[in-house]
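S.K.: The structure is given below, and queries will be raised subsequently.
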Amino acid sequence: MQAAHSPRRLPALTFPSFAMLASEQWLVGSHILTALAALFLGIFLGPFQAFRRSPFFMETFTDWQIPFFSYYYQALTVHGVINALFFTTFFIVGFSYFVTQRSLERPLWQPSVAWAAFASIFIGLGLVLYAIMAQRASVLYTFYPPLIAHPTFYIGLVLMVVGTWLVALNLFMTYASWRSDHPGEPVPLAVFALLTNFAMWCVGTLGVAAEILFMLLPMSLGWVKTTDSQAARALFWFFGHPLVYFWLIPAYVSWYTMLPKQTNSKLFSDPLGRVAFLMLMIFSTPVAVHHMFTDPGISMVSKAIHTFFTFIVAIPSLMTAFNVGAMLERAGRKRGGTGPLSWLWHQDFGNPVVAAQICAMILFIMGGFSGIIQASLTLNIALHNTSWIPGHFHMTLASATALTFMGITYWLLPLIRNRALWNRKVALGQVYTWLVGMLLFGHGMGAAGIAGAPRRTDFAGSPAGYLSVEAIPWLNSAAIGGAILLLSSILFYVNVIGTLAFSTKPVEDEAPISTTGDPHAPLILERWSLWLGIMFVLIVIAWGPVFAQVFDFTNGFKSLPFSPMGSPMQIK
Amino acid sequence: MHIHKLEQYWFIAIAAVLGAFGAALFASILVFGVQVPTPVSRIDPQQISTAFPEPGLRDLGNKRYTAHFTAQTWFFTPKEIKVPRGAEVTFLVTSKDVTHGFFIEGHDVNLMLLPGQISQAVTQFNRPGTYNIICHEYCGAAHQTMVAKIIVTE
Chain A
1 MQAAHSPRRL
11 PALTFPSFAM
21 LASEQWLVGS
31 HILTALAALF
41 LGIFLGPFQA
51 FRRSPFFMET
61 FTDWQIPFFS
71 YYYQALTVHG
81 VINALFFTTF
91 FIVGFSYFVT
101 QRSLERPLWQ
111 PSVAWAAFAS
121 IFIGLGLVLY
131 AIMAQRASVL
141 YTFYPPLIAH
151 PTFYIGLVLM
161 VVGTWLVALN
171 LFMTYASWRS
181 DHPGEPVPLA
191 VFALLTNFAM
201 WCVGTLGVAA
211 EILFMLLPMS
221 LGWVKTTDSQ
231 AARALFWFFG
241 HPLVYFWLIP
251 AYVSWYTMLP
261 KQTNSKLFSD
271 PLGRVAFLML
281 MIFSTPVAVH
291 HMFTDPGISM
301 VSKAIHTFFT
311 FIVAIPSLMT
321 AFNVGAMLER
331 AGRKRGGTGP
341 LSWLWHQDFG
351 NPVVAAQICA
361 MILFIMGGFS
371 GIIQASLTLN
381 IALHNTSWIP
391 GHFHMTLASA
401 TALTFMGITY
411 WLLPLIRNRA
421 LWNRKVALGQ
431 VYTWLVGMLL
441 FGHGMGAAGI
451 AGAPRRTDFA
461 GSPAGYLSVE
471 AIPWLNSAAI
481 GGAILLLSSI
491 LFYVNVIGTL
501 AFSTKPVEDE
511 APISTTGDPH
521 APLILERWSL
531 WLGIMFVLIV
541 IAWGPVFAQV
551 FDFTNGFKSL
561 PFSPMGSPMQ
571 IK
Chain B
1001 MHIHKLEQYW
1011 FIAIAAVLGA
1021 FGAALFASIL
1031 VFGVQVPTPV
1041 SRIDPQQIST
1051 AFPEPGLRDL
1061 GNKRYTAHFT
1071 AQTWFFTPKE
1081 IKVPRGAEVT
1091 FLVTSKDVTH
1101 GFFIEGHDVN
1111 LMLLPGQISQ
1121 AVTQFNRPGT
1131 YNIICHEYCG
1141 AAHQTMVAKI
1151 IVTE
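If you read the sequences in order, they're chains A and B.
For what it's worth, this note's numbering labels the leading residue of the first sequence as 1, then goes sequentially.
For what it's worth, this note's numbering labels the leading residue of the second sequence as 1001, then goes sequentially.
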């Protein structure tokens, strides 16, 4: 590789603590600003959907429509695809470049590859948005066939995935050259976590890549006449569960490696953090049938195996609760907290960066427990595809991840702009309104789900008596949560635009980066062939029987494509 | 690798909590008999009219019934069935076109309907009333109108 041609030890690159190098500013800035621009489109559609689903709101404002959109499911597709796939990806990639370069004190392996990846994901975003806005792709972010979208939708997704593979290659090669320069040293924890994240992503995306390239895109182009819904769902969810950890691990990077600096504390255990990240990587894939517990084509044995591994994959998050909790206890005691509990409220709640992460954790406790509940095979019967499920993932993706990313934005955007955050009070207001709004929304959605309200359904157009009377108050309270989240989103973008355009003060928050790992971290944790080997074995055990069941080319693969605009209109 | 004593206790707590959840799960299956959908059989979605029985309710006697349903955008066939209180109904359902759902309000019937597969669930109707059968998987523009009814008579 590179090391053979370059001097043995690349001189450490020094990064300014309160500013960015020009190259960094362009690369990280492009990704983060694109992420925030994408989120701007996706975030405001959320509350509008909560309003459409609230019987009280729709009785008060009869026939109210989501502005700029033809119908509910088109807006819902934008909300899901943009927030879950593109905002997250752009933010995670920009953040990963920033953390990797600074932690390893060296430039990326190939900046040109990084720009090629950016272009690929960016064009992908453009194509996907075109397809949805042209009303050719209202298939939601799970795009289950035989609903079929316009080819540009799938080509856009392929470009996004290929772009992220280039990102992974760049990060792996940067690490490899650092590794050869630093024999015997453990890599900084943040980079360790990001490596597990992108390794997991590369494995998981194989499922969705196969689904799109071999099934959906050829069908959309008219090259393939029939498909199989169950096989496509299996491939999608092979990717779908690694996807949720792909969102979560960067937030954990912030909690494990940045929050200790931001709270003047110290992580309880760096090695156990590494074990948690490895477990997330290894167990991310053999659990994903829990998204298909009510599917007819998967055996009870496979469902049980995936249930078992789902319980295992709860362990790293419970380990994180201890490790990060102990770190926060240390921080609280330094601020005057005594006794068994008072450290809890002696936290730096006036700092928006810290407050965002602590609020994200509070919400994630709900997300974690609702996740274990719905992943329990038999309880899932009561909850699958009810509004409980989006209630759950707004506590994970829209809280643990998105609120942490907002907290990261509050120190990262100033570095990109080379100016202080425009207004810290507005940022604090944003964080706490997000907490309150999301608690109301998540609880409302969860309770309505228990009362039988389905997810992803435009209740405003439903026949009378569609909703149970028990669900209605909770859908209304979820809409109040949505209104508070709308306010919170406005506050967030006021600060983003304020920081970019109006801030005059110099940067206040230092980049919270560690350039060393805990020397006690065993190097076996970086023996990637071993961990990827275990991951592969578990995938074969958990997924081999599933794929054997669903890929039946004799009796399966007989269903025709349909447009989401309705039967019997078929795509030519 | 050194693991702090407190963290060792935490591991025991994790194991206990997850063990308790797992035990409850086993009990729900083995003791309370909650059933999870399992494979019934495949079907050619283009041959539903010949390969799948006529949709509707069939009385097997002794308060046992089978109910065959088909789903297509955006309705179920039949639109309504009537059963007496205490009826134990086996539902056999399939889709003629896209992915649909089959969710009965207030009962443990929650099925994905996939073209090419037959889904099955069994439940007992003990409370008189009218219950919605809701398609709970997005199936296109008028998904929110896709609903059938079960009337449980005295």
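For each residue, glycine too, the CB sits at the ideal point set by N, CA and C.
Given the structure is predicted, the values throughout are model-derived calculations rather than measurements.
1. Does the beta-carbon distance from Q308/A to R53/A come in below 7 Å?
2. Does N385/A come within less than 7 Å of chain B when only Cβ atoms are used?
3. Quick check: the Cα distance between A331/A and Y252/A, rounded to an integer number of angstroms?
4. Tell me whether L27/A sits in a helix, a strand or coil according to DSSP, three-state version.
5. I need the straight-line Cα distance from L41/A to F57/A, nearest angstrom please.
6. To the nearest angstrom, how far is the alpha carbon of I381/A from that of A548/A?
7. Quick one: is V1098/B buried, meaning 16 or more other Cβ sit within 10 Å of its Cβ, or exposed?
8. Kindly confirm or deny that the region 463-479 of chain A and the region 1110-1122 of chain B touch, where touching means at least three C-beta pairs closer than 8 Å.
9. Can you check whether the C-beta of P16/A is within less than 7 Å of a C-beta belonging to chain B?
10. Is there a Cβ of chain A sitting closer than 7 Å to that of E1088/B, yes or no?
11. Of the choices T89/A, I365/A, R417/A, N418/A, whose alpha-carbon is the least far from that of V167/A?
12. List the residues of chain A whose Cβ lies closer than 9 Å to the Cβ of L1018/B, in chain order.
13. In whole angstroms, what separates the C-alpha of Q374/A from that of D1108/B?
14. Can you give me the Cβ contacts of V496/A inside the same chain, cut-off strictly under 8 Å, excluding the 5 residues immediately before and after it?
15. When the Cα atoms are used, what is the spatial distance from A1020/B to Y154/A?
16. Where does F553/A fall in DSSP's three states?
17. Candidates R274/A, R136/A, E470/A, Q110/A: which alpha carbon is nearest L324/A's?
18. Taking the alpha carbon of Q110/A as the reference point, which residue from Y175/A, H520/A, L157/A has its own alpha carbon closest?
19. Can you give me the C-alpha to C-alpha distance between K303/A and S1028/B, rounded to a whole angstrom?
20. Just to confirm my understanding: we take A478/A, look at its own chain, exclude 5 residues before and 5 after, and list those with CB closer than 6 Å. What are they?
21. Counting only the same chain and skipping the five closest in sequence on each side, list residues whose C-beta sits under 6 Å from that of Q1072/B.
22. Under 9 Å Cβ-Cβ, which residues of chain B neighbour L272/A?
23. Does R456/A come within less than 7 Å of chain B when only Cβ atoms are used?
24. Under three-state DSSP, which class holds P454/A?
25. I believe G207/A touches F236/A by the beta-carbon criterion, under 8 Å. Please report the beta-carbon distance rounded to the nearest angstrom.
26. How would you list, in chain order, the residues of chain A whose beta-carbon sits under 7 Å from the beta-carbon of T1038/B?
27. When you compare the CB positions of A276/A and H241/A, do they come within less than 7 Å of one another, or not?
28. What runs of the alpha helix (DSSP H), each 4 residues or longer, lie entirely inside the region 62-108 of chain A?
29. Check for me: the alpha helix (DSSP H) holding N197/A runs from which residue to which?
30. Leaving out five residues on either side along the sequence, give the residues of the same chain with a beta carbon under 6 Å from the beta carbon of P260/A.
31. Would you say Q230/A lies against chain B (beta-carbon separation less than 7 Å)?
32. What does the alpha-carbon distance come out to for the pair Y144/A and H1136/B?
33. Which residue or residues does DSSP assign as beta-bridge partners of I1012/B?
34. Which runs of the beta strand (DSSP E) fall wholly inside the region 1093-1123 of chain B and span at least 3 residues, in chain order?
35. Which chain A residues are close to I1014/B, counting only those with a beta carbon under 7 Å from its beta carbon?
36. Grouping DSSP H, G and I as helix and E and B as strand, with all else coil, what is D1059/B?
M.R.: In short:
1. According to the sequence as given, residue 308/A is Phe; it is not Gln. Contact flag unset, no.
2. yes
3. 18 Å
4. helix
5. 22 Å
6. 25 Å
7. buried
8. no
9. no
10. no
11. T89/A
12. F311, I312, A314, I315, L318, I372
13. 14 Å
14. L36, T409, L413
15. 43 Å
16. coil
17. Position check: residue 324/A holds Val in this sequence, whereas Leu was assumed. The candidate whose alpha carbon is nearest that of V324/A is R274/A.
18. Y175/A
19. 15 Å
20. A50, F441, G444, M445
21. K1096, D1097
22. M1001, I1003, H1004, E1007
23. yes
24. strand
25. 7 Å
26. S299, M300
27. no
28. 72-80, 88-104
29. 189-210
30. K266, L267, M327
31. yes
32. 14 Å
33. Bridge partners of I1012/B: none, in fact.
34. 1100-1104, 1109-1113
35. I315, L318
36. strand
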